[in-house]
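Which chain is which? The protein sequence lines are A and P, in order. Mapping of the first sequence onto my numbering: position 124 corresponds to residue 129, and the numbering continues sequentially without gaps. Mapping of the second sequence onto my numbering: position 128 corresponds to residue 133, and the numbering continues sequentially without gaps. Here a beta-carbon is modelled for each residue, glycine too, at the ideal position from N, C-alpha and C. All values reported here derive from a predicted model rather than from experimental measurement. Everything below concerns the one structure shown next.
There are 2 protein chains.
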Amino acid sequence: MARILKGLPAANALTQILAERVTALNEKNVTPTLAILRVGERGDDISYETGAMKRCAKVGIAVRQFLLPGDCTQKQLLDTIRQINEDASIHGCLMFRPLPDKAMEEAACRLLSPEKDVDGMTAGSLATVFAGKGAGYPPCTAEACMELLDHYEIPLEGKQVTVIGRSLVIGKPVSMMLQARNATVTMCHTKTVNMAEVCRNAEILVVAAGKAGVVDGSFAAPGQIVVDVGINVNAEGKLCGDVSYAEVEPIVEAITPVPGGVGSVTTAVLAKHVVEAAEKTVKD
Amino acid sequence: MARILKGLPAANALTQILAERVTALNEKNVTPTLAILRVGERGDDISYETGAMKRCAKVGIAVRQFLLPGDCTQKQLLDTIRQINEDASIHGCLMFRPLPDKAMEEAACRLLSPEKDVDGMTAGSLATVFAGKGAGYPPCTAEACMELLDHYEIPLEGKQVTVIGRSLVIGKPVSMMLQARNATVTMCHTKTVNMAEVCRNAEILVVAAGKAGVVDGSFAAPGQIVVDVGINVNAEGKLCGDVSYAEVEPIVEAITPVPGGVGSVTTAVLAKHVVEAAEKTVKD
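Below is the structure:
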């Protein structure tokens, strides 16, 4: 029976610490404030927004919604971002992606101030994740993996870690963050040969393939820690991860569930970035 | 007997292609121009500068030197970079690093236009290497590894590649560039446990540890391609790489020599970036 690494305890522990930091900010007359910028009415976005707003309420972060119609112009979007950049009372901005118009999304990513980029969408944030220093923040989901591993006190230094997936929102940033913590990271993807073997050799396996059932029992080994970042809907209409839980769980030492794993930590990390951004304005 | 992957043939082949591209640019009244920005009189810098200027002459790139005294002020340095940024006849800028003053170096990296950053020193270039798209260029030495592998038609897709070293000038960017070419990359460093074993399992080994003798025969396996990026001076005062050549060469399939390997390709890559930057100004 594997140890189940649930997200909620990690999220709650972080929330409590953040609430204390917000109290300290309030004493300096600062209310950490998050701008949520949503284009259109996509169900996934609205559902995440609801969760983020609840988390912010618990932490003591004010939220200001900037809602644009699905058919808004690029000028409308960029004007909104400009307004957010210039408003000193806003510390962070979460913009839902992907946008239907790719060129518009890229223009938005170029315009947002890295200092307010609490979800790793600007080049400034990406360079910071890559270089290990600079302005901006990693994508929340990538950092949620790290928070979860840290909450359960899983050692990373010198560990062999395999990451499946090379997206800019999870695979690549989590690889760099694990490396920064002195893990030896192997980055796998759709062109990897003998992926099962590469994964079996890992002490920690982070799966962000974006496809259900990519990791089956043949990828798992005793003693392994498995972090499943995937969120998919299976044939029965139920949420599932990228890992075949029923096959892998009996083999490994610990595994994150889906739902209730990494995904439960993401909004707490978002809140953490907003609090950090607010703290930086006080220090400056 | 391993195949010796010398840098000169790769550099010469690239130089010839670039010279043809410069001819095409000249017909459009464009002379690709590189600004070389050097602070002080460090021997390593001057020696690289001499090589870069020779390479540029062969390719047909004009070079403009901006030389500042070792004790120049930050204002002098930033004014010079501003001048380079604003001069439309300059397509690329090579600034020698490290500077004695770290804060000054960081300010310089922040100011240079990514479009003119032909050696991967700006956050914009780093984000581009990380994301696989955007303005700027990878550090020349990292790309020199790729040029060398490509020149000798070493397949990368699906290959297991181990990179030793995680610097921003070689280890990290070359890892991302290899991944972008669909290799499965493992990133090793000083905290890696069982490094010899991790390296023996690699089909291609890229060594950028910055220390002589880091890789001995126990790291090597038959069939391997070894790229040695190190440049060190040994006890006898001779140049040597990070790999114990005498031990590794008899085991592996192919290996780059030091000197005469990756280092010989670097200035050709610099020239390539300047030509590309000039071509972009014509297209825009």
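- [ ] Below 7 angstroms between beta carbons is the criterion; list the residues of the region 76-91 of chain A that meet it against any residue of chain P, in chain order.
- [x] none
Open item on the list: Just to make sure I have the definition right: I need the residues of chain A whose C-beta is within less than 7 angstroms of the C-beta of LYS196/P. Which are they?
Closed with: GLU162, GLY163 and ASN187
Task: Buried or exposed by the 16-neighbour rule on C-beta atoms within 10 Å, applied to MET126/P - done: buried
Open item on the list: As a quick exercise: from ILE256/A, LYS277/A and GLU284/A, pick the residue whose alpha carbon is nearest that of ALA7/A.
Closed with: ILE256/A
TODO: Leaving aside the five residues before and after VAL267/P along the sequence, list all residues of the same chain whose C-beta is less than 8 angstroms from its C-beta, in chain order.
DONE: GLY12, THR146, ALA149, CYS150, LEU153, VAL232, ASP233, VAL234 and THR261
TODO: Thinking VAL198/P and GLY163/A are a contact (beta carbons under 8 angstroms), I'd like their distance in whole angstroms, please.
DONE: 4 angstroms
Task: Within chain A, partners of LEU174/P - CB distance below 9 angstroms - done: Residue identity check: residue 174/P is Val in the sequence provided, not Leu. Result: empty, since nearest Cβ-Cβ is about 11 angstroms, beyond 9 angstroms.
TODO: Check whether the region 13-28 of chain P touches the region 179-190 of chain A, counting contact only when three or more Cβ pairs, one atom from each stretch, lie closer than 8 angstroms.
DONE: no
- [ ] Can you say whether VAL287/P is buried or exposed, counting buried as having 16 or more other CB atoms within 10 angstroms of its CB?
- [x] exposed
TODO: Output yes or no for whether 8 angstroms exceeds the beta carbon distance between ALA276/A and ILE66/A.
DONE: yes
- [ ] Compare the C-beta of MET151/A with all C-beta atoms of chain P and state if any pair is closer than 8 angstroms.
- [x] no
- [ ] With distances taken Cα to Cα, identify the nearest neighbour of ALA273/A among ILE89/A, PRO144/A, LEU183/A and HIS194/A.
- [x] PRO144/A
- [ ] Determine, using beta carbons only, whether CYS193/A comes closer than 8 angstroms to chain P.
- [x] yes
Task: Segment contact, 8 angstroms Cβ cut-off, at least three pairs: the region 83-94 of chain P with the region 49-60 of chain P - done: no
TODO: Look at the Cβ atom of VAL211/P, then the Cβ atom of PRO178/P, and state whether they are nearer than 8 angstroms.
DONE: no
Task: Beta-carbon neighbours of GLN229/A, restricted to chain P and to distances below 9 angstroms - done: Simply none; closest approach about 16 angstroms.
Open item on the list: Between ILE169/A, VAL238/A, PHE224/A and ARG102/A, which has its C-alpha nearest VAL44/A's C-alpha?
Closed with: ARG102/A
- [ ] Could you work out which residues of chain P lie near LEU131/A, taking near to mean beta carbons separated by less than 7 angstroms?
- [x] ALA132, PHE135 and ALA136
Open item on the list: Counting only C-beta atoms, is VAL190/A closer than 8 angstroms to chain P at any point?
Closed with: yes
- [ ] Take SER249/P and list the residues in its own chain whose beta-carbon comes closer than 6 angstroms to its own, dropping the five residues that flank it on each side.
- [x] GLY218 and ASP221
- [ ] With a 10 Å radius around its C-beta and 16 neighbouring C-beta atoms as the bar for buried, classify ASP122/A as buried or exposed.
- [x] buried
Open item on the list: Can you tell me whether LEU10/A is helix, strand or coil according to DSSP?
Closed with: coil
Open item on the list: Taking the beta carbon of ALA128/P as the centre, do at least 16 other beta carbons fall within 10 Å, making it buried, or is it exposed?
Closed with: buried
Open item on the list: Which residue marks the beginning of the beta strand (DSSP E) containing GLN165/A, and which one marks its end?
Closed with: 165-169
Task: For ASN239/P, the nearest candidate out of LYS216/P, SER223/P and GLU258/P (CA to CA) - done: LYS216/P
Open item on the list: Measuring only from the beta carbon, is GLU25/P closer than 7 angstroms to any heavy atom that is part of the ligand SAH?
Closed with: Of the ligands one can find in the structure shown there are none, so the ligand SAH has no counterpart to examine.
Open item on the list: Is the separation between the beta-carbon of CYS98/A and that of ALA40/A shorter than 8 angstroms?
Closed with: yes
Task: Residue of SER180/A, SER172/A, ALA93/A and GLN165/A minimising C-alpha distance to LYS196/P - done: GLN165/A
- [ ] Output the boundary residues of the alpha helix (DSSP H) element that contains GLN184/P.
- [x] 176-185
Open item on the list: Can you tell me whether MET192/P is helix, strand or coil according to DSSP?
Closed with: strand
Open item on the list: Only counting the same chain, and skipping five residues up and downstream in sequence, which positions put a Cβ closer than 6 angstroms to that of ILE209/A?
Closed with: LYS164, VAL166 and ILE230
Open item on the list: If you reduce the DSSP assignment to three classes, tell me which class ASP50/P lands in.
Closed with: helix
Task: Nearest neighbour of VAL168/A, chosen from VAL174/P, SER172/P, GLN184/P and GLU158/P [CA to CA] - done: GLN184/P
TODO: Assuming ILE95/A contacts ARG69/A (C-beta within less than 8 angstroms), just tell me the rounded distance between them.
DONE: 7 angstroms
TODO: Compare the C-beta of ARG171/A with all C-beta atoms of chain P and state if any pair is closer than 8 angstroms.
DONE: yes
Task: Element boundaries [beta strand (DSSP E), containing LEU173/P] - done: From DSSP, LEU173/P is part of no beta strand (DSSP E); its letter is neither H nor E.
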